[in-house]
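2 protein chains.
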Amino acid sequence: MNKTADEKVLQQPHNHQHCMTQALQSAEKICTDKGVRLTAIRKRILELICSSHKAIGAYELLDLFRKEDMKAKPVTIYRALDFLMEAGLVHKIESLNAFIGCLQAETQHQSVILICDNCKNAFELDASSVYKTIFAMSKEKQFTPTTLTIELHGLCDSCS
Amino acid sequence: MNKTADEKVLQQPHNHQHCMTQALQSAEKICTDKGVRLTAIRKRILELICSSHKAIGAYELLDLFRKEDMKAKPVTIYRALDFLMEAGLVHKIESLNAFIGCLQAETQHQSVILICDNCKNAFELDASSVYKTIFAMSKEKQFTPTTLTIELHGLCDSCS
DNA sequence: AATGTAATGTTATATTATTACATTTAGTAT
DNA sequence: ATACTAAATGTAATAATATAACATTACATT
Numbered sequence: 020m021n022k023t024a025d026e027k028v029l030q031q032p033h034n035h036q037h038c039m040t041q042a043l044q045s046a047e048k049i050c051t052d053k054g055v056r057l058t059a060i061r062k063r064i065l066e067l068i069c070s071s072h073k074a075i076g077a078y079e080l081l082d083l084f085r086k087e088d089m090k091a092k093p094v095t096i097y098r099a100l101d102f103l104m105e106a107g108l109v110h111k112i113e114s115l116n117a118f119i120g121c122l123q124a125e126t127q128h129q130s131v132i133l134i135c136d137n138c139k140n141a142f143e144l145d146a147s148s149v150y151k152t153i154f155a156m157s158k159e160k161q162f163t164p165t166t167l168t169i170e171l172h173g174l175c176d177s178c179s
Numbered sequence: 020m021n022k023t024a025d026e027k028v029l030q031q032p033h034n035h036q037h038c039m040t041q042a043l044q045s046a047e048k049i050c051t052d053k054g055v056r057l058t059a060i061r062k063r064i065l066e067l068i069c070s071s072h073k074a075i076g077a078y079e080l081l082d083l084f085r086k087e088d089m090k091a092k093p094v095t096i097y098r099a100l101d102f103l104m105e106a107g108l109v110h111k112i113e114s115l116n117a118f119i120g121c122l123q124a125e126t127q128h129q130s131v132i133l134i135c136d137n138c139k140n141a142f143e144l145d146a147s148s149v150y151k152t153i154f155a156m157s158k159e160k161q162f163t164p165t166t167l168t169i170e171l172h173g174l175c176d177s178c179s
């Protein structure tokens with residue numbers, strides 16, 4: 020680890036404000052299309068998640084959110100997370116019990132999540148071919164696949 | 020779901036006693052080779068895990084183990100699980116917070132875990148090619164991979 | 001038998017997540 | 001505008017999963 024964790028974000032420096040704006044716009048569009056409501060709480064929690072590319076835990080989110088809404092409880096966060104995941108705006112990283120914002124929520128995608136164990140930045144890599152292979156393998160075993168989770172831990176460029 | 024969950028186990032009926040015997044023999048061999056101790060607690064917890072192919076939670080294990088050792092505590096189980104995972108004898112299913120015995124602990128393997136959401140039976144499918152692809156993809160992004168988790172939920176042959 | 005290390009015992013607590021039910025809010029129909 | 005309805009949120013409690021810290025015991029080596 021010869022670079023500081025935040026020296027770069029993800030693979031390359033980027034205008035993070037753009038990520039935020041993009042995520043929020045996608046959220047509005049997706050919710051409108053689905054006919055569901057992106058309420059103030061849900062929107063704010065999405066913003067908090069998307070404020071970095073680091074995986075964030077539900078109780079970390081709660082701490083942040085409480086600064087603005089003292090009466091927030093764990094269930095406030097979990098409800099919002101459930102909604103956002105259902106809408107495809109947020110993904111849960113199972114191996115961390117933490118959450119990240121999705122940068123491609125409007126696009127159908129099948130991805131591997133790369134997780135840097137040093138800086139906790141996590142990002143998705145499209146891996147449709149891998150999905151295809153795994154689904155085919157499972158069907159050969161008479162398995163009917165539904166959800167595939169692929170998480171790769173390691174060190175990102177900045178942290179290695 | 021037109022068959023009962025236990026009508027068949029995994030993909031085909033099998034002599035489950037053989038799985039147990041095999042797992043325990045592997046465990047002895049692996050521990051001897053590594054120079055670590057398969058104590059009574061560790062062995063018994065491995066047996067409990069391997070008594071079926073269903074993913075089992077730590078507290079379920081605790082309940083079972085307590086029938087034989089009233090003074091067992093959560094940490095008793097977690098310590099044994101840590102040991103068994105370190106030895107490659109048990110895998111954690113991250114998306115379930117549950118554990119399964121490994122049927123090929125002595126062999127180097129890179130696998131996808133197929134998890135039936137009806138009967139909870141889980142089994143590994145070798146997927147080296149998929150690992151290769153994902154590792155290569157990640158390296159292209161200057162990511163240094165360590166651990167890859169692949170979990171496929173769905174319905175097994177018996178339950179679909 | 002004395003020693004050092006690994007394993008286990010014991011208590012407490014941290015972390016993650018859900019259930020149940022009351023109340024409020026927002027959209028819809030009248 | 002008003003009443004109705006369903007969705008969202010408030011609130012309290014608790015369930016489920018996991019770890020920390022320190023004391024004691026067992027085991028292998030000398």
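Protein chains in written order, with the numbering used here: chain C, 20 to 179; chain Y, 20 to 179.
Ideal Cβ placement from N, Cα and C applies to all residues, glycine included.
Since this is a predicted model, take the numbers as computed values, not measurements.
Proximity winner among the options, relative to residue i (alpha-carbon distances)
i                     : options                       : result
residue 129 (chain C) : C:66, C:146, C:111 and C:162  : C:146
residue 60 (chain C)  : C:153, C:179, C:97 and C:72   : C:97
residue 166 (chain Y) : Y:175, Y:72 and Y:113         : Y:113
residue 63 (chain Y)  : Y:72, Y:79 and Y:87           : Y:87
residue 101 (chain Y) : Y:172, Y:161, Y:65 and Y:157  : Y:65
residue 141 (chain Y) : Y:148, Y:115, Y:42 and Y:163  : Y:115
residue 179 (chain Y) : Y:153, Y:137, Y:131 and Y:148 : Y:137
residue 132 (chain C) : Y:123, Y:156 and Y:71         : Y:156
residue 163 (chain Y) : Y:170, Y:169, Y:153 and Y:172 : Y:153
residue 57 (chain Y)  : Y:173, Y:118 and Y:108        : Y:108
residue 48 (chain C)  : C:81, C:125 and C:135         : C:125
residue 170 (chain Y) : Y:106, Y:144, Y:41 and Y:32   : Y:144
residue 94 (chain Y)  : Y:77, Y:105, Y:103 and Y:106  : Y:77
residue 127 (chain C) : C:45, C:39 and C:40           : C:45
residue 118 (chain C) : C:91, C:80 and C:151          : C:80
Buried or exposed (CB count within 10 angstroms, at least 16 for buried), residue i
i                     : result
residue 89 (chain C)  : exposed
residue 34 (chain C)  : exposed
residue 74 (chain C)  : buried
residue 111 (chain C) : buried
residue 177 (chain Y) : buried
residue 54 (chain C)  : exposed
residue 158 (chain C) : exposed
residue 37 (chain C)  : exposed
residue 139 (chain Y) : buried
residue 237 (chain Y) : In the structure as shown, chain Y begins at 20 and stops at 179. Residue 237 (chain Y) is therefore absent and cannot be evaluated.
residue 168 (chain C) : buried
Chain-ordered chain Y contacts of residue i [CB-CB under 9 Å]
i                     : result
residue 164 (chain C) : 133, 171, 172, 173 and 174
Min CB distance residue i to chain C below 9 Å
i                     : result
residue 167 (chain Y) : yes
residue 104 (chain Y) : no
residue 152 (chain Y) : yes
residue 82 (chain Y)  : no
residue 123 (chain Y) : no
residue 21 (chain Y)  : At residue 21 (chain Y), the pLDDT of 41 sits below 50, so the modelled position is not reliable; the number obtained from the coordinates is stated separately. Chain C contact via Cβ: absent.
Contacts of residue i in chain C (Cβ-Cβ under 7 Å)
i                     : result
residue 114 (chain Y) : 113 and 168
Cutoff 9 Å: residue i Cβ touching any chain Y Cβ
i                     : result
residue 139 (chain C) : no
residue 38 (chain C)  : no
residue 109 (chain C) : no
residue 100 (chain C) : no
residue 71 (chain C)  : no
residue 89 (chain C)  : no
residue 146 (chain C) : yes
residue 149 (chain C) : yes
residue 52 (chain C)  : no
9 Å Cβ cut-off: residues of chain C touching residue i
i                     : result
residue 161 (chain Y) : 30, 175, 176, 177 and 179
Chain-ordered chain Y contacts of residue i [CB-CB under 8 Å]
i                     : result
residue 157 (chain C) : 131, 133, 144, 171 and 173
Distance cut-off 8 Å: residue i Cβ against heavy atoms of the ligand NAD
i                    : result
residue 74 (chain C) : The model on display carries no ligand, and the ligand NAD is accordingly not part of it.
In chain order, which beta strand (DSSP E) runs of at least 3 residues are fully inside the region 79-126 of chain Y? 109-112 and 117-120
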